[in-house]
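Chains as they are written, first to last, in this note's numbering: chain G, 1246 to 1537; chain A, 8 to 433.
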């Protein structure tokens, strides 16, 4: 009894903070999403109407919202595997027995994660510049015509993906590195005694040992990538032709450009449900794979 | 020990000092905070030394805002009750901030002022600051759209003067297209800009919104005529179906004759002067917009100076507004920025009066019309642009485009109708 009371006493401050700064705002946003809170309501709260699920209904009928959803899906579908692949590859390279200066590489590859996004985005805008960018310069050497990376609707999203992966892969690399270092070395020794080659070692020892980490990292990365915002905000402002408007960017415009906070809150909840559903799916698939 | 330190006399002294200090910060120190955007934000400081000499008792604090974030910042400031005293506000934003009841009505001040004289301002520009008859801003600089064109190519196609009517313009566009061939065009109407179509639409006698701005009027004859002409220019190959981002350099392309007409604003006078090589300088000129039948209207754009209702220094803020509106300061402002002044007195300055490129603007400014004054207007033109893009692409006919646009616009204006029915329309 006394232990329980002590436990409550210890937990209460944290619960209070979470309640006030997380659950309360979420609840408020849910309520706002059921109203038509807008400019007029900001001027005079009597202009606020409770409209039930109308915001959700309108969003699901809005082509602009579906376009934002499709753009985000494209970004996640291309960006998450690419990011996982890049970070795992980097982790394996840094962790390799033959690697020299691994501490230096570890730091260098991690550096993009800790730099300010806005600052590196400016640098990337120069790298991607159609006429003066180093990327097009390199492509020109192998005979590729200059690409208008941030101005062409077909290339803007790939450019954003490239930038986002470069910016984020270092974080996952560190997690993979920690997992790799916790795999017992005798497993590899035994495998080598049995005559396994490098690929077999990777396929049958490294990958299974990383399964749990892989799941964690993929869930975290996916949830993060669904919330794409800062990259298009800084690099393209959603253009060209709405090709880099993500769900979050759409929400931002709806909320802070047109000041339709009701509709913007509804977007936030739809995005939340989407991420929840996909994470649940991911967990179930992995569990089934583990059971099999 | 502590007892001796906190002797009553010391406490009294501390209180007295504090009271004096507090009094000094809250009392006669008159601070006027000004938000200005972009290039204007950079140069406004250079206009102020004279004002400081005239009014040493007023302290002016300028804060620069980037244009891209200005709108969000202002809305957030209103919501958070942290607005500045004076602000530069794009005149299409005035209806929105008036609806928020964030702006101070300036009518009484303007009526008494000896400096700000209503009759001296271009009427269309002044009108953009009036919401339901109440004045909420004083025009600071103007921005309208008209034609930049290639004189030499027009002459080669057989025309001595720029067009006055759509019909005349069409003949020129066709003749230039025949002259320059399939790889080049007659006119540039960037698909990512709503202004060219809006100019054509605003020239029509019918308004763009109907019934006290409660419904869209885009399926009306006026807008359909404008959209049909706009789409025709693409279908006949007179205009390339591209957005401005795909034309990496609009100035060079006019120089190369990629197109001969371009609808743009006053800032491009400076750009063309700077960016085109000297041998091409005599080839370009500006002209006022042609209309459906005779010289046409254009947009009454620009920025105004407003005072926020929450300001605690409204009298001082008004002094600053008057100072910035005086013809002398406006001339200085024009020299620093190239922004065109909103009053005729300022245009009498020889630097402006003798600038051949500015002449068309002076002519056009006498014929500018404000866009509908509803807070939803920016969303509406955004939708108009998207629908027009699909019409140009051939996915919608002109009639379908008008109907679809009206549907969207009516949905956007739903709240406004509801408010009007309750008698609470701003």
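Beta carbons are placed, not taken as given, at the ideal position from N, Cα and C, and that holds for glycine.
- Taking every protein chain shown into account, the CB of residue 143/A has 16 or more other CB atoms within 10 angstroms, so this residue is buried.
- For residue 1263/G, there is no enclosing beta strand (DSSP E); the residue is part of the alpha helix (DSSP H) that begins and ends at 1247–1263.
- One finds 1501 and 1502 in chain G with Cβ atoms closer than 8 Å to the Cβ of residue 79/A, taken in chain order.
- Of all C-beta pairs linking the region 1390–1410 of chain G to the region 1480–1497 of chain G, three or more are shorter than 8 Å, placing the two stretches in contact.
- The C-beta distance from residue 311/A to residue 101/A rounds to 7 Å, short enough to meet the 8 Å contact threshold.
- In terms of Cα proximity to residue 1423/G, the closest of 1493/G, 1459/G, 1251/G and 1411/G is 1459/G.
- If you draw a straight line from the Cα of residue 185/A to the Cα of residue 392/A, it is about 28 Å long.
- The region 297–310 of chain A makes contact with the region 134–154 of chain A; the number of CB pairs closer than 8 Å reaches 3 or more.
- Looking from the CA of residue 1504/G, the closest CA among 1286/G, 1299/G and 1253/G belongs to 1286/G.
- It is roughly 27 Å from the alpha-carbon of residue 219/A to the alpha-carbon of residue 371/A.
- For the 8 Å CB-CB criterion, residue 1415/G and residue 1354/G form a contact.
- Looking from the CA of residue 243/A, the closest CA among 327/A, 284/A and 189/A belongs to 189/A.
- Residue 405/A: member of the alpha helix (DSSP H) spanning 405–419, first to last residue.
- For chain A, the residues of the region 1268–1286 of chain G that bring a beta carbon within less than 7 Å of one of its beta carbons are 1281, 1283, 1284 and 1285, in chain order.
- The three-state secondary structure of residue 222/A, taken from DSSP, is strand.
- When rounded, the separation of the alpha-carbon atoms in residue 1384/G and residue 1396/G is 17 Å.
- Residue 1352/G is bridged by DSSP to nothing; it lacks a bridge partner.
- Measuring C-alpha to C-alpha distances from residue 1283/G to each of 1500/G, 1270/G, 1493/G and 1345/G identifies 1500/G as the nearest.
- Around residue 250/A, the beta-carbon contacts reaching into chain G at under 8 Å are 1485 and 1486.
- Secondary structure note for residue 179/A: its alpha helix (DSSP H) is the uninterrupted segment 173–187.
- Less than 8 Å separates the beta-carbon of residue 1467/G from that of residue 1321/G.
- Considering only 1534/G, 1470/G and 1313/G, the residue with the shortest C-alpha distance to residue 1326/G is 1470/G.
- Counting only the Cα atoms, residue 426/A lies some 10 Å from residue 1293/G.
- Excluding sequence positions up to five before and after residue 324/A, its CB lies within less than 7 Å of the CB of 39, 92, 93, 314 and 318, all in the same chain and listed in chain order.
- Beta-bridge analysis with DSSP links residue 297/A to 302/A.
- Taking 8 Å as the cut-off, the beta carbon of residue 155/A is found no closer than this to the beta carbon of residue 265/A.
- For the C-beta of residue 1315/G, not a single chain A residue is nearer than 9 Å; the gap to the nearest is close to 16 Å.
- When secondary structure is reduced to three states using DSSP, residue 37/A falls in the strand class.
- In this structure, residue 394/A lies near residue 412/A, with their beta-carbon atoms less than 8 Å apart.
- Sequence-distant partners of residue 343/A (beyond 5 residues in either direction) whose C-beta falls short of 7 Å from its own C-beta, in its chain, are 50 and 53.
- Under the 8 Å criterion on CB atoms, residue 386/A is classed as interfacial with respect to chain G.
- For residue 310/A, the enclosing beta strand (DSSP E) covers residues 308–314.
- In the three-state reduction of the DSSP assignment, residue 68/A falls in the strand class.
- Considering only 1340/G, 1289/G and 1314/G, the residue with the shortest C-alpha distance to residue 1451/G is 1340/G.
- Only residues of its own chain outside the window of five on either side were considered, and among them 160, 193, 264 and 267 have a CB closer than 8 Å to the CB of residue 187/A, listed in chain order.
- Using a CB distance cut-off of 8 Å, residue 422/A counts as an interface residue toward chain G.
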